[in-house]
Amino acid sequence: MNSASAPLLAARNLRKYFPVKAQWIGAPRLTVQAVDDVSFAIAAGETLGIVGESGCGKSTTGRLLMHLIKPDSGDIRFAGKPIVADDPSGLRELRRHMQMVFQDSYASLNPRLSVQDSIAFGPRSHGAPREKARRKARELLSLVKLDPDQFGPRYPHELSGGQRQRVNFARALALEPKLVILDEAVSALDKSIEAQVLNLLMDLKRELGLTYLFISHDLNVVQYVSDRVLVMYLGKVVEIGPVDEIYHRPRHPYTQALLASRPSLDPDIKIKESPLVGDPPNPINPPSGCRFRTRCPYAEAVCAEKEPLLISAAHIDELAVACHLQSPQSGHSKAAAPS
Ligand SMILES: Nc1ncnc2c1ncn2[C@@H]1O[C@H](COP(=O)(O)OP(=O)(O)OP(=O)(O)O)[C@@H](O)[C@H]1O
Ligand SMILES: [Mg+2]
Numbered sequence: 659m660n661s662a663s664a665p666l667l668a669a670r671n672l673r674k675y676f677p678v679k680a681q682w683i684g685a686p687r688l689t690v691q692a693v694d695d696v697s698f699a700i701a702a703g704e705t706l707g708i709v710g711e712s713g714c715g716k717s718t719t720g721r722l723l724m725h726l727i728k729p730d731s732g733d734i735r736f737a738g739k740p741i742v743a744d745d746p747s748g749l750r751e752l753r754r755h756m757q758m759v760f761q762d763s764y765a766s767l768n769p770r771l772s773v774q775d776s777i778a779f780g781p782r783s784h785g786a787p788r789e790k791a792r793r794k795a796r797e798l799l800s801l802v803k804l805d806p807d808q809f810g811p812r813y814p815h816e817l818s819g820g821q822r823q824r825v826n827f828a829r830a831l832a833l834e835p836k837l838v839i840l841d842e843a844v845s846a847l848d849k850s851i852e853a854q855v856l857n858l859l860m861d862l863k864r865e866l867g868l869t870y871l872f873i874s875h876d877l878n879v880v881q882y883v884s885d886r887v888l889v890m891y892l893g894k895v896v897e898i899g900p901v902d903e904i905y906h907r908p909r910h911p912y913t914q915a916l917l918a919s920r921p922s923l924d925p926d927i928k929i930k931e932s933p934l935v936g937d938p939p940n941p942i943n944p945p946s947g948c949r950f951r952t953r954c955p956y957a958e959a960v961c962a963e964k965e966p967l968l969i970s971a972a973h974i975d976e977l978a979v980a981c982h983l984q985s986p987q988s989g990h991s992k993a994a995a996p997s
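Going letter by letter, the sequence shown gives residues 659 to 997 in the numbering used here.
Written out as structure tokens, the structure is:
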């Protein structure tokens with residue numbers, strides 16, 4: 659990764675609060691703070707993993723980047739240029755550069771379109787003549803290791819989950835995007851199929867020079883595929899950095915707890931007690947100060963009073979952490995000594 663070049667994608671101060679249906683007429687208007695002041699960048703050619711417990715805002719972040727939902731505030735730049743999503747040509751341009759693949763392979767495909775028509779749909783709607791789009795679809799099927807003669811005429815219900823997900827990748831790649839957001843894209847597959855599809859993804863990335871944002875709750879998979887990892891907790895980025903730093907020297911107590919509670923790959927090693935007990939607090943009314951403090955073994959008064967800021971690193975490939983323990987002047991009794 660080259661930290662000197664401008665990032666391919668940069669998100670700054672992204673925020674999305676979802677309104678919650680009022681329980682009774684006249685009840686106060688409540689919101690779920692799904693993504694709150696999130697900033698990060700993705701370098702061209704890297705895989706950035708996003709991890710965190712269910713409901714922490716991973717998918718909302720991906721959907722905001724794709725402009726599938728509108729942020730309340732914040733800005734997103736692609737290759738240094740702001741994305742103007744209000745204008746249809748801006749959105750069309752965005753969809754050429756960025757694509758997203760979701761977990762549910764079946765829901766993403768039109769059941770009435772054959773595989774090849776489904777893949778050709780994108781190029782067709784961007785003006786490619788029928789024959790050219792068809793040819794492109796066949797090439798893409800070969801690229802995702804499905805025989806075009808055998809699989810092109812089939813319909814989604816005639817495919818296995820792994821095959822359907824390959825078709826979804828082919829569809830995502832049809833407009834030759836630079837960035838692909840993979841939201842739990844392999845999570846629904848059986849473990850052996852998952853490994854094959856992951857390897858295919860990594861091969862495609864190399865061959866086509868792609869950049870990935872890889873969202874998953876599976877810490878082992880994220881470690882396997884990522885160059886850098888972003889850890890989210892209740893709508894906030896708590897830590898971001900190179901994969902080896904995050905996995906071998908996690909600084910944030912949440913990252914430490916998350917890693918300590920992951921299932922071991924070795925079935926003989928069983929975790930005795932999960933260090934992460936209970937569920938995250940309600941995102942409608944998150945704790946003051948540090949949102950993790952109610953589950954953190956190191957919490958002190960300062961953690962309730964002041965929000966720890968994610969000290970952004972000077973370079974995209976350095977580690978950044980939002981924790982008073984890591985900030986010399988925070989007032990936490992165990993704060994790291996100034997270096
Ligand atoms: N359209 C919506 N309307 C209201 N609340 C929403 C909406 N989408 C997401 N949320 C809420 O926002 C929060 C973040 O959700 P999100 O789906 O981004 O989490 P996630 O990290 O992707 O979780 P998971 O691992 O379960 O996929 C959750 O509390 C969720 O209930
Ligand atoms: Mg999700």
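Glycine included, each C-beta is placed from N, C-alpha and C at the ideal position. As the structure is a computational prediction, the values presented were derived from the model and not from experiment.
Tell me whether residue i, by its Cβ, gets closer than 7 angstroms to a heavy atom of ligand 1.
{"i": "residue 717", "result": "yes"}
{"i": "residue 981", "result": "no"}
{"i": "residue 732", "result": "no"}
{"i": "residue 879", "result": "no"}
{"i": "residue 872", "result": "no"}
{"i": "residue 713", "result": "yes"}
{"i": "residue 809", "result": "no"}
{"i": "residue 906", "result": "no"}
{"i": "residue 910", "result": "no"}
{"i": "residue 692", "result": "yes"}
{"i": "residue 875", "result": "yes"}
{"i": "residue 710", "result": "yes"}
{"i": "residue 996", "result": "no"}
Between residue i and ligand 2, is the CB less than 7 angstroms from at least one heavy atom?
{"i": "residue 842", "result": "yes"}
Mind checking who residue i pairs with in its DSSP beta bridge?
{"i": "residue 758", "result": "839"}
{"i": "residue 679", "result": "BP columns for residue 679 are empty, so no partner."}
{"i": "residue 734", "result": "669"}
{"i": "residue 782", "result": "DSSP lists no partner for residue 782."}
{"i": "residue 740", "result": "735"}
{"i": "residue 691", "result": "675"}
{"i": "residue 802", "result": "BP columns for residue 802 are empty, so no partner."}
Can you round the beta-carbon distance between residue i and residue j to whole angstroms, since I take them to be within the 8 angstroms contact cut?
{"i": "residue 913", "j": "residue 666", "result": "Contact doesn't hold; Cβ gap of about 25 angstroms is too wide."}
{"i": "residue 825", "j": "residue 710", "result": "The Cβ separation is near 29 angstroms, so there is no contact."}
{"i": "residue 701", "j": "residue 780", "result": "26 angstroms between Cβ atoms; not a contact."}
{"i": "residue 788", "j": "residue 796", "result": "That belief does not hold up - the Cβ atoms of residue 788 and residue 796 are roughly 13 angstroms apart, past 8 angstroms."}
{"i": "residue 689", "j": "residue 678", "result": "6 angstroms"}
{"i": "residue 841", "j": "residue 717", "result": "5 angstroms"}
In whole angstroms, what is the alpha-carbon distance linking residue i and residue j?
{"i": "residue 936", "j": "residue 918", "result": "15 angstroms"}
{"i": "residue 829", "j": "residue 723", "result": "19 angstroms"}
{"i": "residue 661", "j": "residue 974", "result": "Any reading at residue 661 must be qualified, since the residue scores a pLDDT of 46, below 50, and its modelled position is unreliable; the value itself is stated next. Cα to Cα, residue 661 sits roughly 6 angstroms from residue 974."}
{"i": "residue 934", "j": "residue 910", "result": "13 angstroms"}
{"i": "residue 811", "j": "residue 767", "result": "14 angstroms"}
{"i": "residue 698", "j": "residue 808", "result": "42 angstroms"}
{"i": "residue 771", "j": "residue 763", "result": "14 angstroms"}
{"i": "residue 837", "j": "residue 990", "result": "40 angstroms"}
{"i": "residue 664", "j": "residue 844", "result": "30 angstroms"}
{"i": "residue 992", "j": "residue 983", "result": "6 angstroms"}
{"i": "residue 806", "j": "residue 800", "result": "6 angstroms"}
{"i": "residue 819", "j": "residue 769", "result": "14 angstroms"}
{"i": "residue 976", "j": "residue 900", "result": "7 angstroms"}
{"i": "residue 822", "j": "residue 683", "result": "45 angstroms"}
{"i": "residue 706", "j": "residue 887", "result": "5 angstroms"}
{"i": "residue 908", "j": "residue 728", "result": "32 angstroms"}
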